[in-house]
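Note sheet for the following structure.
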Amino acid sequence: MSETKAPTLPERVASRIDSLTATERKIAEYLSAHPQEAAFSSAEELGRATGTSDASVVRTAKALGFDGLPGLKRSLQGELQALLSPANRLSNSLASFDDGAEGILTATLRDHMERLEQAERSIDPQAFAHAVELIDSARETIICGFAGLDGVSAYTATHLTRIGRRARAASDTGYRLADRLLMLGPEDVVVVIAHNRIIVETRVILDLCAEVGARAVLITDTLGEALRDQVDAVLSAPTSRPGTFTSQATVLILLEALVIAVAARDQNRSLRTTDRMNQLREELMGFSRADEVALNLPAARRDRKRDA
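Going by full-length UniProt numbering, 303 is the number at position 303 of the sequence shown; the sequence numbering is gapless.
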């Protein structure tokens, strides 16, 4: 005998919509439309997001057939785990392409253009400006990105350093992250990149920021409401269509925009540091441009040039 599949949240909402009060209907529709936020937010956070109350959120969860909000969240987390597994995301992405390599290229470019247009609408310009100000005035900026975001984090830290701002990446997971966070202080800024779910590293980082007085900037696709009260600035940008292969192109462009905006706040400082970097590169290569030309001369001519 086959096991009966539990109804999804949208199915529960659709079957009970007529029996819900106006407030419950409003909450239920929000939960159904924002499953990722609903799966990891508290009743109080969901109450604020829907303009209702935490008690109304709990009543709605029960009206939808759950034993309460924890049961609803467990159900959503289970659905999201299946939907957002790497294999399923890749499978869903491949299923949307049917025109060979050229079709995939065109579709991917168009999809990214759509994501960038969404980012232009979803990123709060004031929050972006505040993030730039925090990074520019920080003693040190720590970029924290996990689960494949270590390269993006290191890339951003390198470019901040090249414009004269002390920065480093901290993308280790588990106990190894402790070494990276040990010297975090009140004059520092942490840029956290977090998508879909709140992992333990994200919680520990934000708790530590609150403890030592460091400032925090969150770059996310769906966790803005859930973590807004724990950070100084939220930059919300979509990474991909739900259930498809995750792309960090929007995140990378957003980080590059932050670097350029920070550089623009003190152009002289940024240019001086870049010039100094180029000088150091030449010294590390062991010769200047003039020496490089001289190396191409015949030995006798090099000797005459040295004697002169």
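Glycine included, C-beta positions come from ideal geometry on N, C-alpha and C.
For residue i, which three-state DSSP category applies?
i, result
"Glu11", "helix"
"Ile142", "strand"
"Glu3", "Residue placement at Glu3 is poorly supported in this model, since its pLDDT is 45, which falls under 50; the coordinates still yield a value, given next. Here Glu3 sits in coil by DSSP."
"Thr23", "helix"
"Thr156", "helix"
"Leu184", "coil"
"Ala147", "coil"
"Leu218", "strand"
"Ala170", "coil"
"Gly243", "Residue placement at Gly243 is poorly supported in this model, since its pLDDT is 49, which falls under 50; the coordinates still yield a value, given next. Coil at Gly243, not helix or strand."
"Gly213", "coil"
"Gly164", "coil"
What are the boundary residues of the alpha helix (DSSP H) that residue i is part of?
i, result
"Ser236", "Looking at the DSSP string, Ser236 is not in any alpha helix (DSSP H); the run it does join, the beta strand (DSSP E), is Ala233 to Ser236."
"Ile193", "Unbroken run through Ile193 is the beta strand (DSSP E), Val189 to Ala194; no alpha helix (DSSP H)."
"Arg197", "First-last for Arg197: undefined, no H or E at that position."
"Leu116", "Gly100 to Ser122"
"Gly65", "Element bounds for Gly65: n/a, residue is neither H nor E."
"Gly224", "Gly224 to Leu227"
"Ile135", "Pro125 to Ser137"
"Arg272", "Gln267 to Met285"
Applying the 10 Å Cβ sphere with the 16-neighbour rule, what's the burial state of residue i?
i, result
"Thr50", "buried"
"Thr106", "exposed"
"Ser32", "buried"
"residue 330", "The chain is shown only over 1 to 308; residue 330 falls outside these bounds and no answer can be derived."
"Ile17", "exposed"
"Val200", "exposed"
"Lys305", "Here Lys305 scores only 49 on pLDDT, less than 50, and its place in the model should not be relied on; the value that follows carries that caveat. It counts as exposed."
"Gly103", "exposed"
"Thr244", "Note that Thr244 has pLDDT 48, beneath the 50 cutoff, so the model's placement of it is unreliable and the number below is only indicative. Buried, by the Cβ-count rule."
Determine, for residue i, whether the minimum Cβ-Cβ distance to residues of chain D falls below 8 angstroms.
i, result
"Ser171", "Note that chain D does not occur in the displayed structure, where there is just one protein chain."
Is it the case that the stretch 49-60 contacts the stretch 17-27, given that we only count it when at least three CB pairs across the two stretches are under 8 angstroms? yes
Tell me, please, whether the stretch 267-282 touches the stretch 166-186 by the rule of three or more beta-carbon pairs shorter than 8 angstroms. no
Looking at C-beta atoms only, is the number of pairs between the stretch 165-175 and the stretch 131-145 that lie closer than 8 angstroms three or more? yes
Three or more C-beta pairs closer than 8 angstroms, one from the stretch 123-133 and one from the stretch 229-237: is that the case here? yes
Would the stretch 64-83 count as touching the stretch 253-269 if we require 3 or more Cβ pairs under 8 angstroms? no
Runs of 4 residues minimum, wholly inside the stretch 22-62: which ones carry the alpha helix (DSSP H) assignment? 22-33, 35-40 and 43-50
Count the C-beta pairs between the stretch 201-208 and the stretch 149-160 that are closer than 8 angstroms, then say yes if the count reaches three, no if not. no
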